[in-house]
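Position in the sequence shown (from 1) plus 185 gives the number in the numbering used here. Built from N, CA and C at the ideal position, the CB exists for glycine as well. From a predicted model like this one, the values you see are computed outputs, not experimental measurements. One structure below.
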Amino acid sequence: MSNDQPTPGQPPEDDDPFLKKPQEPPPSDGQPPYGQPPYGSAPPPPPPPPPNDPYGSGAGFGAPDPLAGMPPLAEPGKRILARLIDFLIISIPLYLISLPWGGAIDVDGDGGNGFNAAYSGHQLLWSLIGLAVYVAYDTYFTHKDGRTIGKRLLKLRVAMLNDGRVPDTSAALMRAVVLWAPALLCCPCLWWLINIVLMFTDKPYRQALQDKAAKTVVVVAR
């Protein structure tokens with residue numbers, strides 16, 4: 186028989202270098218290890234649970250940290266700058282394309298009421314077009330590799346909180362809709378302000394509203 190077969194009662198060796206190996210007990214000479222009670226005596230009580238993590242790990246005692254093994258969280262300032270780059274990439278071409286249609290609105294003879302109605306309709310149309318473009322842009326790049334152009338330049342990426350993988354289509358779409366729909370259609374200033382505040386204050390994962398909805402985090406890209 187081969188000498189490589191495992192000893193009876195022992196599991197076969199695992200070649201996976203990342204698998205945590207059980208620690209082998211030190212050789213015994215009949216005396217209990219240092220700091221251990223004598224054999225036959227009652228074991229000491231377990232240590233109390235550690236205090237709350239001052240750095241806000243978010244995982245309870247004994248619970249695995251979802252960010253274990255992932256890159257560090259992105260700095261809020263870099264996230265804001267990346268979002269500004271993405272905004273300019275989309276908004277400048279949209280503005281230039283909309284100029285010819287904006288000049289086609291004329292004031293009629295009813296005191297400007299027709300102009301206001303036409304201008305409001307024009308704004309709504311381009312808001313909807315802009316929303317579709319922004320959502321498509323964010324969804325595509327987030328699902329592709331977790332990085333929009335802005336995030337790629339700042340070396341950031343979006344990751345799923347539970348396992349760090351690139352968001353699937355549904356998560357990427359959810360994130361984009363929650364980010365852009367309120368910002369473009371109803372309350373742009375308030376929405377951006379809430380998200381910026383959350384990037385700095387949310388513990389432990391610095392999740393903005395779109396991250397909470399899609400269960401994502403933004404981390405440093407390796």
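Assigned secondary structure, V405 (DSSP; H/G/I helix, E/B strand, else coil):
Reading the sequence shown from its first residue, position 220 is the one you call residue 405. DSSP places V405 in strand when its eight states are reduced to three.
In the DSSP assignment, find the beta strand (DSSP E) that holds V343 and state where it starts and stops.
Here residue 343 is taken as the residue at index 158 of the sequence shown, counted from 1. 341-345 is the span of the beta strand (DSSP E), which, as asked, contains V343.
Can R407 and P256 be called in contact, C-beta distance under 9 angstroms?
The residue given as residue 407 occupies position 222 in the sequence shown. The residue given as residue 256 occupies position 71 in the sequence shown. Yes; because the gap between Cβ atoms is below 9 angstroms, this pair is in contact.
Applying the criterion that 16 or more other CB atoms from any shown protein chain within 10 Å of the CB defines a buried residue, is P251 buried or exposed?
Here residue 251 is taken as the residue at index 66 of the sequence shown, counted from 1. With 16 or more other Cβ atoms within 10 Å, it is buried.
For the segment 326-345 and the segment 270-277, state whether three or more C-beta atom pairs, one from each stretch, are separated by less than 8 angstroms.
yes
Best match in L266, L310, R264, L346 for proximity to I282 [C-alpha to C-alpha]
Reading the sequence shown from its first residue, position 97 is the one you call residue 282. With distances taken between Cα atoms, I282 lies closest to L310.
Alpha carbon to alpha carbon, how far is R391 from V402? Give it in angstroms, no decimals.
If you number the sequence shown from 1, residue 402 lands on position 217. If you number the sequence shown from 1, residue 391 lands on position 206. Between V402 and R391, the C-alpha separation is close to 7 angstroms.
Using a Cβ distance threshold of 8 angstroms, determine whether the segment 316-325 contacts the segment 353-362, with at least three qualifying pairs required.
yes
Sequence-distant residues of its chain with Cβ nearer than 7 angstroms to I379 (five each side left out)
Residue mapping note: residue 379 aligns to position 194 of the sequence shown, counting from 1. Within the same chain, I379 has close Cβ partners L394.
Sort out for me which residues DSSP pairs L258 with in a bridge.
The residue you call residue 258 lines up with position 73 of the sequence shown. For L258, which the question treats as bridged, DSSP gives the partners V404.
Sub-9 angstroms separation of L339 and A259 beta-carbons:
As a working mapping, residue 339 is identified with position 154 in the sequence shown. As a working mapping, residue 259 is identified with position 74 in the sequence shown. A contact, by the Cβ cut-off of 9 angstroms.
Contact check, V405 vs L341, beta carbons under 9 angstroms
Against the sequence shown, residue 405 aligns to sequence position 220. Against the sequence shown, residue 341 aligns to sequence position 156. Cβ atoms of V405 and L341: closer than 9 angstroms.
In whole angstroms, what is the alpha-carbon distance linking A399 and Y280?
Looking up residue 399 in the sequence shown gives position 214. Looking up residue 280 in the sequence shown gives position 95. C-alpha separation (whole angstroms): 29 angstroms.
DSSP three-state label for D353, please.
Counting from 1 along the sequence shown, the entry for residue 353 is found at position 168. Here D353 sits in coil by DSSP.
Count the other C-beta atoms from every protein chain shown that fall within 10 angstroms of the C-beta of L358, then say buried if there are 16 or more, exposed otherwise.
Indexing the sequence shown from 1 puts residue 358 at position 173. The residue is buried, with at least 16 neighbouring Cβ atoms inside 10 Å.
Could you work out which residue in D348, G254, W377, M345 is closest to L266 when comparing CA atoms only?
On the sequence shown, position 81 is the one that residue 266 refers to. If we check each option's Cα against that of L266, W377 comes out closest.
Check each candidate in L284, L369, K397, G306 and name the one with the smallest Cα separation from G315.
Along the sequence shown, one-based indexing puts residue 315 at 130. That would be L369, whose Cα lies nearest to the Cα of G315.
Along the alpha helix (DSSP H) that carries T386, what are the first and last residues, could you check?
Locating residue 386 in the sequence shown gives position 201, where the first residue counts as 1. That run of the alpha helix (DSSP H) goes 373-386.
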